[in-house]
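Residue numbers (our numbering), protein chains in the order written: chain F, 1 to 344; chain G, 1001 to 1344.
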């Protein structure tokens, strides 16, 4: 019996059709996937007409209440029992699904998931983790990306454990290379929280990671480490700065390529090269931010994700369930508590 | 009688030759510039042989002591009286020069400048400000970029005043558009410090700026605001993330363009376009980070800056002196103190 994935079919800019088509694509690639599709039954059924393969593997849970993009977390919490997002999360809580995927309002999703699923033993605060592209074949896991504005050293150590477990699940690395985001690599750089977390991780030699100290933000995409750990404020700033800068450069490039006839000709001739660039930078190829540290797997798909992007998010959720991410994190936390750590 | 600029001729990866050639280029563009060249006299004289135009406008201050790139700020401070960096700063303090330019160790330069020149009245902490490229004709001023790891609301308000003064001096804007870097644009987002600073700036209607609230890091380069204000930790993370991401995209582009014969042909045909991109992203065209808030102008040139980059840094220093940046900041601070601010 395969665990199934609850899909909030109503979230995302495009709504039902993209979410259902994304689930269908994931199911096309993995014939053992099962789904609980949550949302407006008529619209889901209509979308399923195009995907008989998905229909046979899905159950529909009807609701006509939705969380809107403008709902504040406090407003969204009032929709916990009735909305498609809330019902998808509650299905995980009740054991009716092993993971939930939503493309809805991130703040609402985090608030609902935290209240419904609670943090797992040994984790004080959940964190939002995502995959970022690098110069090498594997993506880098980065967390926290915005769940916690302030973090203490203990939170950062827990994020490192969760990020390393994520990297091991996705890429099968035995000991992912982990670094803390800082404004310099020397021991004395940064905040007290960062220095304390670094000391703690250096001393915790039995963890399933290779902790390598600090990393500066210009190295995140170089492929020199597998997990970047930071508080949610810095992480959000870094993530958005990276996205904005990549967009800035490609905008300049477009402008340059359309500035003269000669450039236009060059652009047409070299289009396969720029397509390759677009493919590598396309957020859909890295879609699926994971809300880590809860008693259950919750994955946020980007609001504007394509069908392929939604399928990637579904596959991330399935992989985390299959590889039992929660159990891996629990074991690593136990190794800190049971003497893997000489500092405390 | 024109004010002159003290040049730490020994800093930077290339040392004397690039610093002297950079000063010569600036002098070539502005025949009224005068210089105090600080460092090894024999090497400076030798470098001046190629630049008779600069020699006639320069005095040499000899020393053979230098601050190295590895010196910690505390070690560098012991070289305040004897090193080329220390003597250049002390020339500003003594009134022998109106500004100092160095391409040496940033931490050392900040420590020495702060101790020798002290913060100007009304400023609690100095900040490092730089110009970043945008999609529009003017660069965006961003500060603090690393001088202060933690900042309170008062610091952020002072940085806003200094950054706006910088933007007015460089571009002549009457009321530069100022924003605070945050992880969202809604009022309740971010830290207490950011929310308090925003409330204070919204209420300070008589300041020579148009305060427009928060900005997220993906918008820094869009040209939608003229000054981005942040604490030194966030600013350093954002700046390096932007640099790293731009380099990442151009590295991918290079890889893509060399992946097939067709792409190579396209690249050659469209080289003017990629040259334009390179020009726009070249840090030399935005060289010269200003250490703001001191009793005197101190400009940091990038260690690997080209001759053109050094000339830009010298011109930034000269412009700040000519336009009396210190006086502008003082007047704005007074407008906060004298009732421009209804909140305090």
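Glycine is no exception: its CB is placed at the ideal position from the N, C-alpha and C atoms.
Neighbouring residues, chain G, relative to residue i (Cβ below 9 Å)
{"i": "residue 214/F", "result": "Within chain G, no residue comes near residue 214/F; the closest Cβ sits about 12 Å away, beyond 9 Å."}
{"i": "residue 190/F", "result": "1149 and 1233"}
{"i": "residue 135/F", "result": "1248, 1251, 1252 and 1255"}
Min CB distance residue i to chain F below 9 Å
{"i": "residue 1342/G", "result": "Per-residue confidence for residue 1342/G stands at a pLDDT of 40, beneath the threshold of 50, marking its modelled position as unreliable; no derived number is given."}
{"i": "residue 1156/G", "result": "no"}
{"i": "residue 1296/G", "result": "no"}
{"i": "residue 1242/G", "result": "yes"}
{"i": "residue 1179/G", "result": "no"}
{"i": "residue 1195/G", "result": "no"}
{"i": "residue 1048/G", "result": "no"}
{"i": "residue 1238/G", "result": "yes"}
{"i": "residue 1222/G", "result": "yes"}
Under 7 Å by beta carbon: chain F residues contacting residue i
{"i": "residue 1064/G", "result": "Correct list: empty, because the minimum Cβ distance to chain F is about 28 Å."}
{"i": "residue 1146/G", "result": "183"}
Contacting residues, own chain, Cβ-Cβ under 8 Å from residue i (five flanking each side not counted)
{"i": "residue 315/F", "result": "26, 29, 30 and 288"}
{"i": "residue 1124/G", "result": "1154, 1155 and 1158"}
{"i": "residue 69/F", "result": "104, 105 and 303"}
{"i": "residue 1174/G", "result": "1168 and 1208"}
{"i": "residue 327/F", "result": "none"}
Residue j beta carbon less than 9 Å from that of residue i
{"i": "residue 1183/G", "j": "residue 79/F", "result": "no"}
{"i": "residue 119/F", "j": "residue 232/F", "result": "no"}
{"i": "residue 201/F", "j": "residue 188/F", "result": "no"}
{"i": "residue 169/F", "j": "residue 333/F", "result": "no"}
{"i": "residue 1300/G", "j": "residue 1313/G", "result": "yes"}
{"i": "residue 1251/G", "j": "residue 1171/G", "result": "no"}
{"i": "residue 149/F", "j": "residue 1191/G", "result": "yes"}
{"i": "residue 249/F", "j": "residue 1249/G", "result": "yes"}
{"i": "residue 1117/G", "j": "residue 1296/G", "result": "yes"}
{"i": "residue 126/F", "j": "residue 113/F", "result": "yes"}
{"i": "residue 1146/G", "j": "residue 1235/G", "result": "yes"}
{"i": "residue 1223/G", "j": "residue 1135/G", "result": "yes"}
{"i": "residue 1098/G", "j": "residue 1058/G", "result": "no"}
{"i": "residue 1217/G", "j": "residue 1197/G", "result": "no"}
{"i": "residue 1246/G", "j": "residue 246/F", "result": "yes"}
{"i": "residue 1290/G", "j": "residue 1164/G", "result": "no"}
{"i": "residue 213/F", "j": "residue 185/F", "result": "yes"}
Close-in-space but distant-in-sequence residues of the same chain around residue i (CB under 7 Å, 5 per side omitted)
{"i": "residue 1228/G", "result": "1140, 1142, 1179, 1181, 1215 and 1220"}
{"i": "residue 1111/G", "result": "1073, 1076 and 1077"}
{"i": "residue 44/F", "result": "9, 16, 20, 37 and 60"}
{"i": "residue 1152/G", "result": "1193"}
{"i": "residue 376/F", "result": "Residue 376/F lies beyond the range of chain F shown here (1 to 344); nothing can be said about it."}
{"i": "residue 348/F", "result": "As displayed, chain F neither begins before 1 nor continues past 344, which places residue 348/F out of reach and without an answer."}
{"i": "residue 323/F", "result": "169"}
In DSSP terms, what residue i is bridged to
{"i": "residue 1292/G", "result": "1127/G"}
{"i": "residue 1257/G", "result": "In the DSSP output, where bridge partners are listed per residue, residue 1257/G has none listed."}
{"i": "residue 1119/G", "result": "1294/G"}
{"i": "residue 345/F", "result": "With chain F represented from 1 up to 344, any question about residue 345/F goes unanswered, as that position is not in the structure."}
{"i": "residue 1175/G", "result": "According to DSSP, residue 1175/G bridges with nothing at all."}
{"i": "residue 6/F", "result": "36/F and 100/F"}
{"i": "residue 1136/G", "result": "Residue 1136/G is not bridged to any residue."}
{"i": "residue 215/F", "result": "181/F"}
{"i": "residue 210/F", "result": "177/F"}
{"i": "residue 300/F", "result": "102/F and 289/F"}
{"i": "residue 1083/G", "result": "1065/G"}
{"i": "residue 142/F", "result": "130/F and 228/F"}
Interface residues of chain G facing residue i [CB-CB closer than 7 Å]
{"i": "residue 219/F", "result": "1244"}
Same chain, Cβ closer than 6 Å to residue i, neighbours up to 5 away in sequence not counted
{"i": "residue 100/F", "result": "6, 88, 89, 92 and 298"}
{"i": "residue 345/F", "result": "One cannot answer for residue 345/F here, as it falls past the ends of chain F, which runs 1 to 344."}
Beta carbon proximity, residue i to chain G, threshold 9 Å
{"i": "residue 331/F", "result": "no"}
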